[in-house]
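K.L.:
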Amino acid sequence: MALLLGAISIGIAFLYGCVGEIITEKSGHLNLGIPGIMSFGAAGGCMAVSIWMSWFPQPNGFTGALMIFFAIVIAMLFAATLGALYSFLTVSLRCNQNVTGLAITTFGVGFTMFLMEGVVDRTMFATASTFFTASLPFAGALGWFGEIFFSHGVMTYLAIAIAIISSWVLNKTRVGLNLRAVGENPATADAAGINVTAYKYVATCIGSGIAGLGGLYYIMDNLSGSWEYGIEAIGWLAIALVIFTMWRPNLSILGAFLFGGLYIAAEFITGVSFSDKALLKLLPYVVTIIVLIITSVIGKKETQPPAALGLPYFREER
Amino acid sequence: MSNAVKAVKEPLFHIEKRASLPAWKAWAIRGGALLVALVVSCILSGLFLGGNPFAFFSSVFSGAFGTSTRINTLLKELSLLLCVSLAVVPAFKMKFWNLGANGQILAGCIATTACMIYLNGVVPPAVLYILMFVSAILAGAIWAVIPAIFKAIWNTNESLFTLMMNYIAEGLVAFFLTLWATDGSGTLNPIKDAMLPKIGGEDFILPLIVAIVLTAAMYIYMRFTKHGYEISVVGESENTAKYVGINVKKVVIRTLIVSGALCGLVGCLLSGAINGNISTSMHDGMGFTAIMVAWLAKFNPAIMAVMAFVVIFVERGAAFASRQMGVTNSAFPSIVTGIIFFFVIACEFFIEYKLKFRSKKKGGNE
């Protein structure tokens, strides 16, 4: 039970990063800057929280809710700014995506540490966190059912909603079809009159914004407002989760919980030595590699990355 | 962007691919970008740390070169970063995105430390040193060749595979630490008596020698050998390589063995010659930094030495400068490094392409 709740709790952080990265990858951009972008989103959101707490030191239900909204908006803005920088470098200037992504991660993680440890006032975070983790009032009345489905903070439900909406947009709407076309074959999409550049920019910025929420969630909900330098690892795992779920946002909800379970399994299994616990912590990575191998061996088109992933598009090039 | 303007009107500028640019011009652009980046980071440092940008700049210099200890550390870190950068070059030249240098270094560290723990005193020192080197090289090569085999046979995505291998290596280090650190502290005391002898009493000399030898060797390997030629053909076009009869699978696997072996060697230096122990963060993120160094230097070993110097100079200098201004965490160097990378990455665009502005006169060109 505790394992399940813990898995959901950490899984949501993966889910944000994963859905954000899926949207970006669907436009043909492998964004390795996700760890930096998630961190930067956390920095933005935490700054917003600390500013809000200085305005309303004793938030009530209403100002608390507004604070969450404010933090979410700022976190998305911060993360999307880095996303915009990434897309400017890779879309407009056609720089190498891997190198740019790694530079974004270096920069984002560094800047976040600078802001969180030097600028942001973290004294009120524990209070602020109670608003993020506040559960629905009737959760306790429904026993184990309520605990599993209704005991989470508001950002948990937001993540699941975002995943479902993204899945619907990608697979059922014209915008999603166009976006997938851009990722599979930008030249064809361009010839069909789709604005390739605009799609790439918007997809990367929205994806980054969503990923940034994952950082905010991790600090405010999963860690209950304490600061820890751990978002980078979450970000890399979120990228792994994208492969694990084969580029499907709806599958990624279950995948995220499974990953979350694997991530914390070592803490819950009793009667094993420290050494075995260290080995158990390897599970998410090993499982990802196995999925990666299996999907590539099967080689079905549905389970493959977008065809133009990682390639810059220049219209005049043949 | 040019295609953002939709009407019949000719856009303000359009992008054109350059046929070629004289090498000196290309390097002038890169040098200019580096300068701009340094100026921007100095201005930013003034803004964030609230100091005088010029004072900041001078303390960057003193942080990097101020005392002989600092110069030694600078040289040591420079050599290590250069070695890793050289290690990743063959793979990248082949367009194999080996993001797993961190893991390959750690694999080398594990092998070296295992030798130091289990064989110290069992075999004579000379044999121990050789075993440390050989096992580290083997471990690094194995760590790199696993993704390479899957890439060669099933075209498994190598950047994600190698990325995961990093974390598995880190996890294995944590596992071995629980076995080796018997006091339960999770950290291993340096095994001083099993370490490689310090040449001249300083720990930067051995890495420096290795780096110099590797730079020359890699230059020759990539430029004058059949292997190097095959690597660049596979990197440019896999189909061409197949057409001329190069066994692409063999080249991929062989190249990754070389790449991983060199990373393992760095692991041997880190564990065997410098620290005498092992930790999960011993690679210090060098695998990623090395990728950027190698890419920005366009895989030219001599330029890579310069780039590695710039990166280490900035990292060490900025760390010192921000400490002096009362910022105790290590965040500021990564910010400055990030800015420099952004500028140098972006300047490649102006080397590859040129902007043609709309001219007033009709039919006028340039």
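Listed in order, the protein sequences are those of chains L and Z. Quick note on the numbering used here: the first sequence kicks off at 153 and runs consecutively. Quick note on the numbering used here: the second sequence kicks off at -18 and runs consecutively. Here a beta-carbon is modelled for each residue, glycine too, at the ideal position from N, C-alpha and C.
Nearest-angstrom Cα distance between Z:R51 and Z:G182?
P.N.:
Cα-Cα distance, rounded: 16 Å.
K.L.:
Specify whether the region 244 to 260 of chain L and the region 177 to 189 of chain L touch according to this definition: at least 3 beta carbon pairs, one from each stretch, less than 8 Å apart.
P.N.:
In short, these stretches touch, since the Cβ pair count reaches three.
K.L.:
I'd like to check one pair, L:V171 with L:G360: are the Cβ atoms closer than 8 Å?
P.N.:
Per the sequence shown, residue 360 of chain L should be read as Ser rather than Gly. Going by C-beta atoms, L:S360 is not nearer than 8 Å to L:V171.
K.L.:
Quick check: is the beta carbon of L:W388 nearer than 8 Å to any beta carbon in chain Z?
P.N.:
Yes, contact with chain Z.
K.L.:
Could you check what DSSP says for Z:I259 in three-state terms: helix, strand or coil?
P.N.:
In the structure shown, Z:I259 sits in coil (DSSP, three-state: anything other than H, G, I, E or B).
K.L.:
Tell me whether L:S448 is buried or exposed, calling it buried when 16 or more other Cβ atoms sit within 10 Å of its Cβ.
P.N.:
That one is buried.
K.L.:
Listing by chain order, which chain Z residues have their CB less than 8 Å from the CB of L:A392?
P.N.:
By Cβ distance, chain Z contributes L141, L144 and M145.
K.L.:
Quick one: any contact between the region 114 to 131 of chain Z and the region 234 to 241 of chain Z, if contact means 3 or more CB pairs under 8 Å?
P.N.:
Enough Cβ pairs lie closer than 8 Å, so yes.
K.L.:
What whole-angstrom Cβ distance do Z:M285 and Z:S66 have, given they're in contact under 8 Å?
P.N.:
Their Cβ separation, rounded to whole angstroms, is 5 Å, which keeps Z:M285 and Z:S66 in contact under 8 Å.
K.L.:
In chain Z, which residues lie less than 9 Å from L:T537 when you measure between Cβ atoms?
P.N.:
For residue 537 of chain L there is no data in the structure shown, the boundaries of chain L being 153 and 470.
K.L.:
Closer than 8 Å, CB to CB, is Z:N258 near chain L or not?
P.N.:
With 8 Å as the cut-off, Z:N258 does not count as an interface residue toward chain L.
K.L.:
When we look at the beta-carbon of Z:A278 and count the other beta-carbons within 10 Å, is it buried (16 or more) or exposed?
P.N.:
The residue is buried, with at least 16 neighbouring Cβ atoms inside 10 Å.
K.L.:
Does any C-beta atom of chain Z lie closer than 8 Å to the C-beta of L:P457?
P.N.:
True, the Cβ-Cβ gap to chain Z drops below 8 Å.
K.L.:
Which chain Z residues sit within Cβ distance under 7 Å of L:T252?
P.N.:
Residues of chain Z passing the Cβ test: I326.
K.L.:
What distance in whole Å lies between the Cβ atoms of Z:N79 and Z:S240, which are believed to be in contact at a cut-off of 8 Å?
P.N.:
About 6 Å separates the two Cβ atoms, so the contact holds.
K.L.:
Do you know how far the Cα of Z:A155 is from the Cα of Z:V(-14)?
P.N.:
For Z:V(-14), the predicted model reports a pLDDT of 45, less than 50, meaning its position is unreliable and no value from the coordinates is stated.
K.L.:
Using 8 Å for Cβ pairs, my map puts Z:A150 next to Z:L87. What's the rounded Cβ distance?
P.N.:
Their Cβ separation, rounded to whole angstroms, is 4 Å, which keeps Z:A150 and Z:L87 in contact under 8 Å.
K.L.:
Listed from N- to C-terminal order along the chain, which residues in the region 427 to 442 of chain L have their beta-carbon within a distance smaller than 7 Å of any beta-carbon of chain Z?
P.N.:
Going along the region 427 to 442 of chain L in chain order, one finds S427, A430, L431, K433, L434, Y437, V438, T440 and I441 with a Cβ nearer than 7 Å to chain Z.
K.L.:
What three-state label does DSSP hand Z:Y334 in the structure shown?
P.N.:
Correct three-state label for Z:Y334: strand.
K.L.:
Could you check which residue in Z:I134, Z:L62, Z:A175 and Z:M288 has the C-alpha nearest to that of Z:P105?
P.N.:
Taking only the C-alpha atoms, the option nearest Z:P105 is Z:A175.
K.L.:
Classify L:M153: buried if its beta carbon has 16 or more other beta carbons within 10 angstroms, exposed otherwise.
P.N.:
It counts as exposed.
K.L.:
Leaving out the 5 sequence neighbours to the left and right, which residues in its chain are closer than 6 Å to L:T257 when beta-carbon positions are compared?
P.N.:
Excluding residues within five positions, the ones whose Cβ falls inside 6 Å are G185, P187 and G188.
K.L.:
Quick check: what's the CA-CA separation for Z:L141 versus L:F302?
P.N.:
Straight-line Cα distance between these residues: approximately 35 Å.
K.L.:
Suppose you measure from the CA of Z:V191 to the CA of Z:L63; what does that come to, to the nearest Å?
P.N.:
Spanning the two alpha carbons is a distance of roughly 10 Å.
K.L.:
The alpha helix (DSSP H) with Z:K76 in it runs from where to where?
P.N.:
Unbroken run through Z:K76: none, as it is neither H nor E.
K.L.:
CB Z:C244 to CB Z:Q85, shorter than 8 Å?
P.N.:
Closer than 8 Å, so yes.
K.L.:
What residue range is occupied by the uninterrupted beta strand (DSSP E) comprising Z:H264?
P.N.:
Run containing Z:H264: none; DSSP gives neither H nor E here.
K.L.:
Using beta carbons (cut-off 8 Å, strictly below), is Z:Y148 in contact with chain L?
P.N.:
At least one chain L Cβ lies under 8 Å of Z:Y148.
K.L.:
Can the beta-carbon of L:I383 be found less than 8 Å from the beta-carbon of L:G367?
P.N.:
Contact: yes.
K.L.:
How would you list, in chain order, the residues of chain Z whose beta-carbon sits under 8 Å from the beta-carbon of L:C247?
P.N.:
In chain order: I326, A327, E329 and F330.
K.L.:
Kindly indicate which residue of Z:L158, Z:W135 and Z:V325 has the alpha-carbon position closest to the one of Z:S399.
P.N.:
Summary: the structure shown does not reach residue 399 of chain Z, with chain Z confined to residues -18 through 347, and so no result is reported for it.
K.L.:
Are the C-beta atoms of Z:A88 and some chain L residue less than 8 Å apart?
P.N.:
No, its Cβ sits nowhere closer than 8 Å to a Cβ of chain L.
K.L.:
In chain order, what residues of the region 262 to 274 of chain L put their CB closer than 9 Å to some CB of chain Z?
P.N.:
Within the region 262 to 274 of chain L, the residues whose Cβ lies closer than 9 Å to some Cβ of chain Z are G262, F263, T264, M265, F266, L267, M268, E269, G270 and V271, listed in chain order.
K.L.:
Can you give me the C-alpha to C-alpha distance between L:E336 and Z:A18, rounded to a whole angstrom?
P.N.:
Cα-Cα distance, rounded: 35 Å.
K.L.:
If you drop the 5 nearest sequence neighbours on each side, which residues of the same chain put their C-beta closer than 7 Å to that of L:L234?
P.N.:
Closer than 7 Å at the Cβ level, and outside the excluded window around L:L234, lie G185, G188, I189, F192, I256, G260 and S360.
K.L.:
Just curious, the alpha helix (DSSP H) that Z:F114 is in, first and last residue?
P.N.:
From DSSP, the alpha helix (DSSP H) with Z:F114 extends over P106 to W135.
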